[in-house]
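Colleague: These protein sequences, in sequence, are chains A and B. Quick note: the first sequence uses my numbering, first residue 212, plus one each step. Quick note: the second sequence uses my numbering, first residue 991, plus one each step. Ideal placement from N, C-alpha and C gives every residue a C-beta, glycine not left out.
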Amino acid sequence: MDARSRYLRSLVIDALEGGGRGHVGSTLSLIEIVRVLYDDVLRVRPDDPAWPDRDRFILSKGHGCLALYAVLADKGFFPVEALKEQCRPGAMLGGHPQRGHTPGVEASTGALGHGLALGVGMALAARLQRRPSRTFVVMGDGELDEGSVWEAAMAASKHRLDNLVALVDYNKLQSYGSVAEVLDLEPLADKWRSFGFAVAEVDGHDVNGLRNRLTALPFESGRPSMLICHTVKGKGLDFAEGQALWHHKARIEAPDVARMRQALETAR
Amino acid sequence: MRQTALAMVHELARRDPRVLFIGSDLSPGVLKGMKEEMPERFFMEGVSEAYVIGMAAGMAMDGFIPYINTIATFLTRRCLEQICIDACLENLPLRLIASGGGLVYAPLGPTHLATDDIALLRPLPNMAIVAPSDAEEMRRLMEASLTWDGPLYIRLGKGGDPVVSRADAGFAIGRAILMRPANRVLIVSTGVMTSRALAAADLLDTIGCGVLHMHTIKPLDTEGLLTAAAGAELVVTLEEHTRIGGLGSAVVEALSDAGCLKPVLRLGLPDRFPEGYGSQDHLLELAGLQPPQVADAIHKALNR
C-alpha cells in the first residue's frame, strides 16, 4: 500500500473517530477505486462543483461514503476538518451521501439499487445536451441483489450509453455474510456481458491497474462499460479484512481507533 | 382526460426544450406525433417503474422536466422508494401522470385499482398531488405544471368525465375552487368525485349544500377550506380513495390544526380491497359514493 492510499485511509479513521461510527469494511474496499477516479479520471472542479460539463460520480453504495468524503475533502471540495464531525448534530457529512448537503456529492444514496438508474438519466441528459460529461456509478456487490439495478442495466444497453461507466466493488461480503452464501452473483462478468455491457475486471486495490482501465474509456464504442473491481472488505486493517462483522460499527471508541491506526501503519 | 394530458405534454414540449415524455410500456401509437417530431425527447422504457423514476430524476438533475405516464398503481406502489428518495428528497420537477386513479380499472381487479395512491404519496415532503375534475381542468393543470417547482402527481380519471369545471374560475395548483357556496353543509371533493358532489348538492338543495373542489390535495388550501367551511355546521369529504390517508384525512388534519372542531363526515372507500369487478360506477355504488347515497349519508349525519 502506497503513502497516498494509507493517507486516505487515515482520513477515514479520523471520520470514524469523530463520528464514533461508520461502515468500516465497506469503505476500505473502495479507497483505491475512488482515489483513482478523482486523481486520474474524473473531470471535476472542486472550486466549481456545479460546472455543467463535469463528469458525474455516483456512489450508489452510499454506505461507503467515508471513502468518498475522504477523497472529496482531500481534493478541496470541503475542509478536511469536516470529516471529524461526520454524523454529529448539524454536520455537513452524514452516514450516507446527500446531494445538496455536501459539495461534490451528485446523488443521495444509501437506499441501494438507485444509482445506476440515476446514472442512465445523467448520461442521457449529457447526450441530449451535447455535453462531454461522462457518468460513473460505483455499486456494491450486495447491491446487485436489487432488481432495479438490472432494469437500469438493460436500459443503459438499449440506449448504447458509452458515456456511462459502472463499477462494482466486489469485496465478496455483504452485511450478513459472504455474497456467495446470501445471494450468489456468479457468473458476474457474464451477467453484465449478457446485459449488453463491455466488461473488464481488475484488482480493485491495484492503483496502476485501475488507472489503466479507467483512462481507456469506453471499453467499447456504443456500449456502457462495466469494471468489476475485485477487492477486500476492510482492506488495510488486518483484523477487519474479510470480516462481515466489520461491515458497519456503531460504537467506535478510543481503543478501536488506536488499533486501526496501528494496523494501518503496517498494512501492505 | 388522459388524451388531454398527453396532448398537452406534446404542446409543452414544443414550447419548452426541457420537457420530456417517458412511458413505461404504453399502448401502441401513444404520442405518435411527439415521437416523430422530437424522437430524442420521447422515451418508452419498458415495464420497469423503479428504473424509470430514477432515470427521470437523473435527467431532471441536469435541467429536464420529465412527464412520466403509466398506470397509477404501478407509478406509486412499485416505485415508492424511488419517488421518495430520487424525486422528493431532491425536490426535482418530475410529473407523474397516473392513469386510472381510483376505481377506473374496475374490471381489471385490485392489482389495477389505485385506491391508496394519495395516501402513499401525501407524507412525502415536496410532493404535490392534484386530481382534476375533467379534461378541461386537466388542460389548465398541465399549463400550470410547467412552472411548478418540485415533484407533481397528476391523478387521471376514466376519460369522458362530465365537464364541471369552468374556465372563469381560474386554476392554480394549491388553490381550491368554490363551486357552490355552503349554507348548512360543505362537501369537499377531489377529482371526478366533484361532479358527484355537485349532483348530491342538487339533491340537497333545500338544506343549502356547498361544494369546494379541492383539486390539489397537497399542498392543501387550508385557507380556502376554512373560509368555505366557516358557516357550515357539517363538513363532508368525498373521494374515490381509501378513507385512510387521502383527502378526508387531509381535511380533518387541517381543520384540527386550525382549531376548527366541527363534525366531519368522511366518505370514501372502506378499508378493504374492492371486490366484484364491474365498472367504476358499480364499485362507487357498492361503496355508497354515488350522488343519491351521498345525499342520504348527509341527511343522516345532519339528523344524528
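Would you mind reading off the limits of the beta strand (DSSP E) that contains Phe1064/B?
Modeller: Working through the second sequence from its first residue, we reach residue 1064/B at position 74. Element bounds for Phe1064/B: not the beta strand (DSSP E) but the alpha helix (DSSP H), 1062-1066.
Colleague: Quick check on the DSSP output: the beta strand (DSSP E) that includes Asp414/A runs from which residue to which?
Modeller: In the first sequence, the residue the question calls residue 414/A occupies position 203. From DSSP, the beta strand (DSSP E) with Asp414/A extends over 409-414.
Colleague: Tell me which residues share the same chain as Ser1089/B and place their Cβ nearer than 7 Å to its Cβ, disregarding the 5 neighbours each side in the sequence.
Modeller: Within the second sequence, residue 1089/B is the residue found at index 99, counting from 1. Around Ser1089/B: Arg992, Asn1059, Thr1060, Ile1061, Ala1062, Leu1146.
Colleague: Anything in chain A within Cβ reach of Met1034/B, meaning under 9 Å, just list it in chain order.
Modeller: Here residue 1034/B refers to the residue found at position 44 of the second sequence. Per Cβ cutoff of 9 Å: no residues; Met1034/B is ~10 Å from chain A at best.
Colleague: Would Ser359/A pass as an interface residue toward chain D - the criterion being a Cβ-Cβ separation below 7 Å?
Modeller: Absence of chain D from the displayed structure is noted, the protein chains being A and B.
Colleague: In the DSSP assignment, the beta strand (DSSP E) including Asp380/A goes from what residue to what residue?
Modeller: As a working note, residue 380/A is residue 169 in the first sequence. It spans 375-381 - the beta strand (DSSP E) in which Asp380/A sits, taken as one unbroken run.
Colleague: Put Ser1038/B into one of helix, strand or coil per three-state DSSP.
Modeller: By 1-based counting over the second sequence, the position of residue 1038/B is 48. Coil, per DSSP.
Colleague: Can you tell me whether Thr994/B is helix, strand or coil according to DSSP?
Modeller: Residue numbering aside, residue 994/B sits at position 4 when the second sequence is read from its first letter. DSSP places Thr994/B in helix when its eight states are reduced to three.
Colleague: Applying the criterion that 16 or more other CB atoms from any shown protein chain within 10 Å of the CB defines a buried residue, is Arg1005/B buried or exposed?
Modeller: Indexing the second sequence from 1 puts residue 1005/B at position 15. With fewer than 16 Cβ atoms within 10 Å of its Cβ, Arg1005/B is classed as exposed.
Colleague: Can you tell me whether Glu476/A is buried or exposed, with buried defined as 16 or more other CB within 10 angstroms of its CB?
Modeller: Within the first sequence, numbered from 1, the residue matching residue 476/A stands at position 265. Exposed: under 16 other Cβ atoms inside 10 Å.
Colleague: Assuming contact is defined by CB atoms lying nearer than 7 Å, are Pro1295/B and Tyr1267/B in contact in what I supplied?
Modeller: The question about residue 1295/B has no answer here: the residues shown for chain B are numbered 991 through 1294.
Colleague: Need the endpoints of the alpha helix (DSSP H) that Ala1134/B sits in, please.
Modeller: Taking the first residue of the second sequence as 1, we reach residue 1134/B at position 144. Looking at the DSSP string, the run of the alpha helix (DSSP H) that includes Ala1134/B is 1125-1135.
Colleague: Applying a beta-carbon distance threshold of less than 7 Å, which residues of chain A neighbour Asp1006/B?
Modeller: Residue numbering aside, residue 1006/B sits at position 16 when the second sequence is read from its first letter. Ordered by position in chain A, no residue passes the 7 Å Cβ test against Asp1006/B, which lies about 14 Å from the chain.
Colleague: Closer than 6 Å by C-beta to Asn419/A: which residues in its own chain qualify, once you throw out the five before and the five after it? Chain order, please.
Modeller: By 1-based counting over the first sequence, the position of residue 419/A is 208. Contacts found: none.
Colleague: Have a look at the DSSP bridge pairing and note the partners of Gly1013/B.
Modeller: In the second sequence, residue 1013/B corresponds to position 23, counting from 1. BP columns for Gly1013/B point to Met1034/B, Asn1059/B.
Colleague: Any residues in the stretch 1046-1076 of chain B with a beta carbon nearer than 7 Å to a beta carbon of chain A? Which ones, in chain order?
Modeller: Ala1046, Ala1047, Gly1048, Met1049, Met1051, Asp1052, Phe1054, Glu1071, Gln1072, Ile1075, Asp1076
Colleague: Work out the CA separation of Gly1278/B and Leu399/A for me, nearest whole Å.
Modeller: For the purposes of this step, residue 399/A is taken as residue 188 along the first sequence, with counting starting at 1. For the purposes of this step, residue 1278/B is taken as residue 288 along the second sequence, with counting starting at 1. Rounded to whole angstroms, Leu399/A to Gly1278/B spans 55 Å at the Cα level.
Colleague: Short of 8 Å Cβ to Cβ, which residues in the stretch 372-397 of chain A face chain B?
Modeller: none
Colleague: With 16 other CB atoms within 10 Å as the buried threshold, where does Arg1130/B fall?
Modeller: Position 140 of the second sequence, counting from 1, holds the residue named residue 1130/B. By the 10 Å Cβ count, Arg1130/B comes out buried.
Colleague: Might you give, ordered along the chain, the residues of its own chain that have their beta carbon closer than 6 Å to the beta carbon of Pro257/A, omitting 5 neighbours on each side?
Modeller: What you label residue 257/A is simply residue 46 of the first sequence in a count that begins at 1. The residues are Lys286, Gly287, Phe288.
Colleague: May I ask you to list the residues that DSSP assigns as paired with Cys440/A?
Modeller: For the purposes of this step, residue 440/A is taken as residue 229 along the first sequence, with counting starting at 1. For Cys440/A, which the question treats as bridged, DSSP gives the partners Asp380/A, Val413/A.
Colleague: What in chain B is Cβ-close to Gln340/A, meaning under 8 Å?
Modeller: Locating residue 340/A in the first sequence gives position 129, where the first residue counts as 1. Asp1052, Gly1053, listed in chain order.
Colleague: So the alpha helix (DSSP H) Gly230/A belongs to, where does it begin and stop?
Modeller: In the first sequence, residue 230/A corresponds to position 19, counting from 1. That run of the alpha helix (DSSP H) goes 214-230.
Colleague: Exposed or buried, His1000/B, counting other C-beta atoms within 10 Å across all chains shown (16 or more means buried)?
Modeller: Numbered from its first residue, the second sequence carries residue 1000/B at position 10. With 16 or more other Cβ atoms within 10 Å, it is buried.
Colleague: On the CB-based measure, 16 or more other CB atoms within 10 Å of its CB, does Met1024/B come out buried or exposed?
Modeller: Position 34 of the second sequence holds residue 1024/B. Buried: at least 16 other Cβ atoms inside 10 Å.
Colleague: Using a Cβ-Cβ distance cut-off of 7 Å, determine whether Glu1229/B contacts chain A.
Modeller: In the second sequence, residue 1229/B corresponds to position 239, counting from 1. It does not; no Cβ of chain A falls within 7 Å.
Colleague: Which residues mark the beginning and the end of the alpha helix (DSSP H) in which Glu1213/B is found?
Modeller: Translated into positions along the second sequence, residue 1213/B becomes position 223. Glu1213/B -> alpha helix (DSSP H) spans 1212-1219.
Colleague: With DSSP as the reference, please indicate the residues paired to Thr346/A in a beta bridge.
Modeller: Here residue 346/A refers to the residue found at position 135 when the first sequence is read from its first residue. BP columns for Thr346/A point to Arg267/A, Leu375/A.
Colleague: Taking only beta-carbon positions, decide if Ser271/A is within less than 7 Å of chain B.
Modeller: As a working note, residue 271/A is residue 60 in the first sequence. No, Ser271/A does not count as interfacial toward chain B.
Colleague: For Met333/A, decide whether its Cβ has a neighbour in chain B, counting only Cβ atoms nearer than 7 Å.
Modeller: Here residue 333/A is taken as the residue at index 122 of the first sequence, counted from 1. Cβ-Cβ to chain B under 7 Å: yes for Met333/A.
Colleague: If the cut is a Cβ gap below 9 Å, which residues of chain B does Ser319/A touch?
Modeller: Locating residue 319/A in the first sequence gives position 108, counting from the first residue. The answer, in chain order, is Ile1075, Asp1076, Leu1079, Glu1080.
Colleague: Per DSSP, what are the beta-bridge partners of Leu1228/B in this structure?
Modeller: Working through the second sequence from its first residue, we reach residue 1228/B at position 238. In DSSP, Leu1228/B forms a bridge with Ser1179/B, Leu1257/B.
Colleague: Kindly indicate the opening and closing residues of the alpha helix (DSSP H) around Cys298/A.
Modeller: Start at 1 with the first residue of the first sequence, and residue 298/A comes out as number 87. For Cys298/A, no alpha helix (DSSP H) segment is defined, and its DSSP state is neither H nor E.
Colleague: Just checking: is the beta-carbon of Leu322/A within a distance shorter than 7 Å of some beta-carbon in chain B?
Modeller: Numbered from 1 along the first sequence, position 111 holds the residue referred to as residue 322/A. The identity of residue 322/A in the sequence shown is Ala, whereas the question assumes Leu. True, the Cβ-Cβ gap to chain B drops below 7 Å.
Colleague: Quick check on the burial criterion: 16 or more other C-beta atoms within 10 angstroms. Buried or exposed for His312/A?
Modeller: Walking along the first sequence from the start, residue 312/A turns up at place 101. So His312/A ends up on the exposed side.
Colleague: For the beta strand (DSSP E) that contains His1203/B, what are its first and last residues?
Modeller: Against the second sequence, residue 1203/B aligns to sequence position 213. Unbroken beta strand (DSSP E) run through His1203/B: 1199-1203.
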